[in-house]
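Residues 193 to 400 (the numbering used here) are what the sequence shown spells out, left to right.
Worksheet for the structure shown next.
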Amino acid sequence: MAQRNDDSANAKKQRERRDYFRINDWIGLEMHKLSTSTKDAFSAFGNTPLTSLQAEFKRLDQDIKTQLAGLSERDRALQSLLKVFNSKLDILARIMAFEQNPLQPEHWYQATLSEGGVAFFSDDDSLQVGDHIAIRLTLPPELFQPRAVGEVVGVNTEDRGGSRIHTRFVRLEDSDRQQLARHIMRWQVRQRQQPNTGTAEANDQSAD
């Protein structure tokens, strides 16, 4: 019983850490409301002939990173060079993927984002608390495209019409969470370099 309580406390601390840092950012956001019969949440975005190639690219990228970790023990200079080259190829792949499927203007939002969820304004009045939605983000300038399943935890109607939708991520792969974490960290660095443009938000409940 004590072990179960410790695990529960650790899980709660992890959620709190993920939710602590929030940023207000202009991001691409595609979403599809899910039905209870949906088997594959991410199929809502469609599978193209490139889907399997993208999966293979990710697998090879992970293999390269594993090999680079071992190489650092023998030749740090070569490891650094290959790491830069791998990053360059990764960026090129994201640019090509984005150019093949550019987002329409209506898919860009000023949103509050954390590792735990995202909050955004929507004209869709069909979204209700408890709904599950498939989410695909596009995060400039890196053009990361993490995907998640979000649960609507709050709907605040606004005087101008529409609603502020608050979601928390209930399904998010570790690789996608890492992309979110890197994006948030780099956003914070950019803000510190431009002190008059704002700072990351802490203890803001917008994306809960």
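No residue lacks a Cβ here, since even glycine has one placed at the ideal position from N, Cα and C.
Residue i vs residue j beta-carbon contact at 7 Å
i           : j           : result
residue 340 : residue 224 : no
residue 344 : residue 319 : yes
residue 372 : residue 219 : no
residue 315 : residue 354 : yes
residue 313 : residue 360 : no
residue 161 : residue 368 : Missing from the structure shown is residue 161; the chain here goes from 193 to 400 and no further.
residue 271 : residue 263 : yes
CA-to-CA distance, residue j to residue i, given in whole angstroms
i           : j           : result
residue 295 : residue 335 : 11 Å
residue 298 : residue 382 : 26 Å
residue 250 : residue 347 : 36 Å
residue 257 : residue 275 : 8 Å
residue 287 : residue 269 : 28 Å
residue 266 : residue 317 : 59 Å
residue 352 : residue 370 : 36 Å
6 Å Cβ shell around residue i - same chain, five flanking residues per side excluded
i           : result
residue 393 : Interpretation of residue 393 is limited by its pLDDT of 47, a score under 50 that renders its predicted location unreliable; the figure taken from the coordinates is listed afterwards. Contacts found: 214.
residue 216 : 304
residue 362 : 341 and 343
residue 290 : 335
residue 279 : none
Three-state class that DSSP yields for residue i in the structure shown
i           : result
residue 318 : coil
residue 227 : coil
residue 291 : helix
residue 298 : helix
residue 365 : coil
residue 248 : helix
residue 217 : strand
residue 354 : coil
residue 309 : strand
residue 339 : strand
residue 360 : strand
residue 328 : strand
residue 392 : Its pLDDT being 46, under 50, residue 392 is placed unreliably in this model, and the value from its coordinates should be taken loosely. Here residue 392 sits in coil by DSSP.
residue 397 : Note that residue 397 scores a pLDDT of 42, beneath 50, so its modelled location is shaky; the value from the coordinates is reported in the next line. Coil at residue 397, not helix or strand.
Residue-level contact to chain B via CB, residue i, 7 Å cutoff
i           : result
residue 354 : The chain labelled as chain B is not found in the depicted structure, where only one protein chain is given.
Spatial neighbours of residue i in its chain, beta-carbon cut-off 7 Å, leaving aside the 5 residues before and after
i           : result
residue 328 : 222, 237, 337 and 339
residue 391 : Note that residue 391 scores a pLDDT of 44, beneath 50, so its modelled location is shaky; the value from the coordinates is reported in the next line. Once the five neighbours on either side are set aside, the close Cβ partners of residue 391 are 383.
residue 321 : 344, 345, 346 and 347
residue 349 : 355
Spatial neighbours of residue i in its chain, beta-carbon cut-off 8 Å, leaving aside the 5 residues before and after
i           : result
residue 396 : Any reading at residue 396 is ruled out, since the residue's pLDDT is 44, under 50, leaving its predicted position unreliable.
residue 277 : none
Exercise for the section: Pair every Cβ in the segment 278-286 with every Cβ in the segment 299-311, then say whether three or more of these pairs are closer than 8 Å. Expected result: The segment 278-286 vs the segment 299-311: no contact.
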